[in-house]
Amino acid sequence: MSAVFLVLALFAVIGIGLAGAFTDSSPAPGPASPVVIGGTAKSTLPTPTQFPPQNRVEETHRALHAMGRACKVPISTRRPGSVRGPVETMEQFARDFPNGGFTMDDEPGSTLSLLVVVRYELQSCDPSLLPSVDELLPERFRDPA
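Per numbering that gives the first Met the number 0, residue 0 is the first one in the sequence shown, and the count goes up by one each step.
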């Protein structure tokens, strides 16, 4: 008798499980939610046509990091020219390779993207150097503020 009861209980559990699997428990349809399609935005930057020698890329890379270090020093104790020197190195690179493409820190870059980064950093570090960087940037990449 207990075996029959056990088998009936087992059938009941299986039946309830199957009934739950076949019933639609999704919420009532509502307004459609927006769908975001994954991917990467296409760059609006021009495709580089120049590929600077590695020694110039490394020199510019060192200058970028030197400018970053110099910008961390308070203006009151900053050595004169500590920001201007690295910026001048990067500006010369931009004049020599205005449409350059390169890799820095394992990331693809371009002269234009380098200048945009330098300009952004100078806004808070040494705004007096912005005009010389702006001369090298196409107008649409300058900050209107």
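We treat Cβ as the ideally placed atom computed from N, Cα and C, and that holds for glycine.
Start and end residues, beta strand (DSSP E) containing residue i
i: Glu106; result: Glu106 to Ser109
Helix, strand or coil at residue i [DSSP, three-state]
i: Gly100; result: strand
i: Phe92; result: helix
i: Ser75; result: helix
i: Pro80; result: Here residue 80 turns out to be Gly, not Pro, going by the sequence shown. If DSSP states are grouped into helix, strand and coil, Gly80 belongs with coil.
i: Pro52; result: coil
i: Ala20; result: Confidence at Ala20 is low in this model, with a pLDDT of 48, below 50, so its placement is unreliable and no value can be given for it.
i: Arg61; result: helix
Residue interval of the alpha helix (DSSP H) (run including residue i)
i: Thr46; result: Per DSSP, Thr46 belongs to no alpha helix (DSSP H) and is neither H nor E.
Counted within 10 angstroms of its Cβ, other Cβ atoms place residue i as buried (16 or more) or exposed
i: Thr102; result: exposed
i: Ser131; result: exposed
Beta strand (DSSP E) runs contained entirely in the segment 106-143, provided each spans 3 or more residues: 106-109
Validate contact between the segment 107-126 and the segment 55-69 using beta carbons, cut 8 Å, 3 pairs: yes
Touching by the beta-carbon criterion (3+ pairs, under 8 Å), the segment 41-57 and the segment 87-96: yes
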